[in-house]
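Peer 1:
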Amino acid sequence: MIRFENVGLRYGMGPEILRDITFDLPERSFQFLSGPSGAGKTTLLRLLFLSLKPTRGLINVFGKDRARITRRELPMLRRRIGVVFQDFRLLEHMTTYENVALPLRVRGRDEASYRSDVIELLKWVGLGERMHVLPPVLSGGEKQRAAIARALIEQPEILLADEPTGNVDPPLARRLLRLFLELNRLGTAVVIATHDLGLMEQVDARRMILDGGRLEIHD
Amino acid sequence: MTEAYSSDAQAAAQSAPARAERAPRKAAPIVPPRNVAGSALILVIAIMTFLSCLTLGAVTLVRDTAATWQTQIAREATIQIKPAEGFDMEAALATAQRIAAGFSGVRSAAVVNREATVRLLEPWLGSGLDLDELPVPRLVIVTIDPASPPDFSALRTALSAEVPQATLDDHRTWVDRLVAMANTTVTIGISVLVLMLSATVLSVVFATRGAMAGNDHIIEVLHFVGAEARFIAGEFRRHFLFTGMKGALAGGLAATIVFIVFSWWSSRNMATPQADQATALFGNFAIGATGYLGVALVVLAVGGLTAATSHLTVVSYLGDIDARHHEG
């Protein structure tokens, strides 16, 4: 589904942050992306959700060469990728419900056509009681789940999550992990960037370890 | 997949027992409706619209007054006959009157009689003037049909053939001066209007860029949830059209109130010396239907300009963001 071949990335004239990254993300796969802080996990995620272009190497996304993807094509491709940011990026003037419904709203869909889907998903992530609340009132864990719901509402083919358990206590982290596994079972490929070893030990999944700009893969 | 979510709902979510859902409130706009920069922009646009409307009102007033003066002056011409030794003034006056009245386009020709001439000169020469003692030129007032004025040069030739002492003043110099003055005033007014609208556009550019920078996080989120540039630009355009229209309407309303208050004042003070003076200069201070139509047009123009400007600014800003991300 997404393939990297000898990808390198540098910011401006600085040193290469990522070097010779080669891997394949198959459909319905589940993997952790790990490594020490500053190893380039977030940068790699940004490459994956098409917010950066590589300085060298080939990236193939859904059968398209990244270098040939035009600005106009980006929105359609991004709709197939769900992203959960480390800092949630919820819009503070909108309720949980509106934040989660945002991806459908930007498609110009009528609210009546998606209201029940959004409410169902909010219940699924345990926010059924908090859907009309503004984000500043939500706890860290609730924000996290709202951000995950927003990434899932479009039923993406792949979900990228940046430190999704970084702001929550271990029981909630386990619950979120179960949620990701459930999602994967339903057919979505999942990449979880984390440096939480405890979390990774709970699941026997592929581990992609970034260190010094290079990637090692442990299947 | 949604069905699957619901089947897992109980296991995964441990959510509280389902309650009857409140209908969600009306969706919040994607661009937050109010912030300090927004209020300042509304105020700037209101002031600009107000001043633009006043300028437009002044231009309309000057143009209308100048047009009135022009027709009043152009409605008359004067034949002046200079006296000379042994010259029969009364006969010459009658001849000139006959010639002038015979021309098509002349409504009437009237001799300014001796009494009227004496009255005319009274402010300079005092009362009790004897016209026979002084070589005073005499006048024939020719009233003209302004719609189809007579051929002045033919009239002039005919007059000088029969009465060599006569000169015809068709007031052309005055009319030309007035037209020039009125045109200058109108041009200045329109330039001021254009400058003011340009300043409005520039304020909107700054405000839009400021608002975009302030809402960077929103634009970023919209990008990542797959919003097209057109959608984002549309949201911001709607926001600024709304802001612009609010400011423009407030400014237009204020200008309308000023116009109404002035007309009320001038009608209330009619026939007082001050008002007569003002009327003599500016005509009746009443902004007619054209003036109010102008106010409506300025309001619409400002609203439209705001929307168009913010649209262009947003599109270029989004282009910049994309370029920045891609460079990274």
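Chains F and G, in that order, are what the protein sequence lines are.
Residue numbers for the first sequence follow UniProt numbering, beginning at 1 and rising by one.
Residue numbers for the second sequence follow UniProt numbering, beginning at 1 and rising by one.
By construction, the Cβ of each residue, glycine as well, lies at the ideal position given by its N, Cα and C atoms.
These figures come from a predicted structure and were not determined experimentally.
1. Quick one: measure Cβ to Cβ for Val44/G and Ser198/G, integer angstroms, because I've assumed they're closer than 8 Å.
2. Which residue comes first and which comes last in the beta strand (DSSP E) that contains Gln80/G?
3. Determine which residues share a DSSP beta bridge with His218/F and list them.
4. Compute the Euclidean distance between the alpha carbons of Ile42/G and Thr60/G, then round it to the nearest angstrom.
5. Along the chain, where does the alpha helix (DSSP H) that runs through Phe259/G open and close?
6. Identify the contact partners of Met94/F in chain G, using a Cβ-Cβ distance below 7 Å as the criterion.
7. For Pro146/G, I'd like the list of residues in its chain whose CB is within less than 7 Å of its CB, leaving aside the five on either flank, ordered along the chain.
8. Any C-beta of chain F within less than 8 Å: which residues of the segment 207-220 of chain G qualify?
9. Where in the segment 134-205 of chain F do unbroken runs of the beta strand (DSSP E), each at least 3 residues long, occur, reported from the N-terminal end onward?
10. With C-beta atoms as the reference, is Thr49/G less than 8 Å away from Ala248/G?
11. Just to confirm, is the Cβ distance from Asn167/F to Arg28/F under 8 Å?
12. Residues in the same chain with beta-carbon distance under 6 Å from Met196/G, minus the five sequence neighbours each way, listed in chain order, please.
13. Please name the residue, chosen from Glu111/F, Leu152/F, Glu157/F, His93/F, that lies closest to residue 240/F on a Cα-to-Cα basis.
14. Output yes if chain G places a C-beta closer than 8 Å to the C-beta of Arg79/F; else output no.
15. What residues of chain F sit near Leu222/G, judged by a beta carbon separation below 7 Å?
16. List, in chain order, every chain F residue whose beta-carbon is nearer than 8 Å to that of Ala227/G.
17. Among Pro135/G, Glu115/G, Arg138/G, which one has its Cα closest to the Cα of Leu127/G?
18. At 4 residues or longer, what runs of the alpha helix (DSSP H) sit wholly inside the segment 17-48 of chain F?
19. In chain G, what lies closer than 9 Å to Arg66/F by C-beta?
20. According to DSSP, is Leu58/F part of a helix, a strand, or is it coil?
21. So, using beta-carbon positions, are Leu159/F and Val190/F closer together than 8 Å?
22. Note down, in chain order, all residues in the segment 224-257 of chain G with a beta-carbon under 7 Å from any beta-carbon belonging to chain F.
23. Whole angstroms are fine: how far does the CA of Arg230/G sit from the CA of Glu201/F?
24. State the Cα-Cα distance for the pair Glu21/G and Thr96/F, rounded to the nearest angstrom.
25. Between which two residues does the beta strand (DSSP E) containing Thr167/G stretch?
26. Using a 10 Å radius around the Cβ and a threshold of 16 neighbouring Cβ atoms, would you call Ala23/G buried or exposed?
27. Grab the span of the alpha helix (DSSP H) containing Asn183/G for me, first residue to last.
28. For a test of the three-state rule: what should DSSP assign to Gly8/F, helix, strand or coil?
29. On the criterion of 16 or more Cβ atoms from any shown chain inside 10 Å, does Val194/G qualify as buried, or is it exposed?
30. Taking buried to mean at least 16 other C-beta atoms within 10 Å of its own C-beta, is Ile232/G buried or exposed?
31. If we count the other Cβ atoms within 10 Å of its Cβ and call it buried at 16 or more, is Pro170/F buried or exposed?
32. Short of 6 Å in beta carbon distance, which residues of its chain neighbour Asp219/F, apart from the five on each side in sequence? Order them along the chain.
33. By alpha-carbon positions, which one of Ala227/G, Leu178/G, Ala46/G, Gly319/G ends up nearest to Asp65/G?
34. Which of the three DSSP states, helix, strand or coil, is assigned to Thr70/F?
35. Report, in whole angstroms, the separation of the C-beta atoms of Val118/G and Leu131/G, which I expect to be a contact under 8 Å.
36. According to the Cβ coordinates, are Glu98/F and Ala28/G closer than 8 Å?
Peer 2: In short:
1. Their Cβ separation, rounded to whole angstroms, is 13 Å, which puts Val44/G and Ser198/G out of contact at 8 Å.
2. 76-81
3. The partner list for His218/F (beta bridge, DSSP) reads Arg207/F.
4. 27 Å
5. 229-268
6. Ala28
7. Thr71, Ala74, Arg75
8. His217, Ile218, Glu220
9. 158-162, 189-193
10. yes
11. no
12. Met48, Leu51, Ser52
13. With chain F represented from 1 up to 219, any question about residue 240/F goes unanswered, as that position is not in the structure.
14. Yes, because at least one Cβ of chain G sits closer than 8 Å to the Cβ of Arg79/F.
15. Val106
16. Pro75, Val106
17. The displayed chain sequence assigns Ser, not Leu, to residue 127/G. Residue Glu115/G is the option with its Cα nearest to Ser127/G.
18. 41-48
19. Here the premise fails: no neighbours, minimum Cβ distance about 11 Å.
20. Secondary structure at Leu58/F: strand, using DSSP grouped into helix, strand and coil.
21. yes
22. The segment 224-257 of chain G vs chain F, Cβ under 7 Å: Phe224, Val225, Gly226, Ala227, Glu228, Phe231.
23. About 45 Å.
24. Here Glu21/G scores only 46 on pLDDT, less than 50, and its place in the model should not be relied on; the value that follows carries that caveat. Their Cα atoms are separated by approximately 14 Å.
25. 166-169
26. Here Ala23/G scores only 49 on pLDDT, less than 50, and its place in the model should not be relied on; the value that follows carries that caveat. The Cβ neighbour count for Ala23/G, taken over all protein chains shown within 10 Å, is under 16; the residue is labelled exposed.
27. 172-214
28. strand
29. exposed
30. buried
31. exposed
32. Arg206
33. Note that residue 65/G is Thr in the sequence shown, not Asp. Of the candidates Ala227/G, Leu178/G, Ala46/G, Gly319/G, the one whose C-alpha sits nearest the C-alpha of Thr65/G is Leu178/G.
34. coil
35. 7 Å
36. yes
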